[in-house]
Amino acid sequence: MNLLAEMAIHNLSDADWVYGDQAVDSMQVVLADLAPQFGFDPDNTAVFNNSFRNVVLANYTAESIYITYTQKGEDGVKAMIEQLTESEALNR
772 MNLLAEMAIH NLSDADWVYG DQAVDSMQVV LADLAPQFGF DPDNTAVFNN
822 SFRNVVLANY TAESIYITYT QKGEDGVKAM IEQLTESEAL NR
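Using the numbering used here, read the sequence shown as starting at 772 and increasing by one per residue.
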């Protein structure tokens, strides 16, 4: 069997799905809890997803947020998001 480079790369890119899926699911809840502190209503799904959650996850991976959360709790994640507001990457 010929092993194409694409096959090996694709296999490696999927290797963290067990951890990655858990991180995304958990951080969805944490981001929804923190959103009101930054002026976003998690019940307004379109605005929450497009203007808050997607912006945060575009700047930080769910895995890095999850690691911070397990080490420092919501205060650690809040500090990460505050960095985005200070750099004006996240605006309300």
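For every residue, glycine included, the Cβ atom is placed at its ideal position computed from N, Cα and C.
Within a 10 Å sphere around the beta-carbon of residue 850 sit fewer than 16 other beta-carbons, which makes this residue exposed. A Cβ-Cβ distance of about 6 Å is found for the pair residue 845 and residue 805, placing them in contact under the 8 Å criterion. In this structure, residue 826 lies near residue 861, with their beta-carbon atoms less than 8 Å apart. Distances from the CA of residue 792 to each of 780, 816, 835, 775 were compared; the closest alpha carbon is that of 835. Scanning its chain for C-beta atoms nearer than 8 Å, with the 5 sequence neighbours on each side dropped, one finds around residue 840 the residues 797, 798, 801, 847, 848, in chain order.
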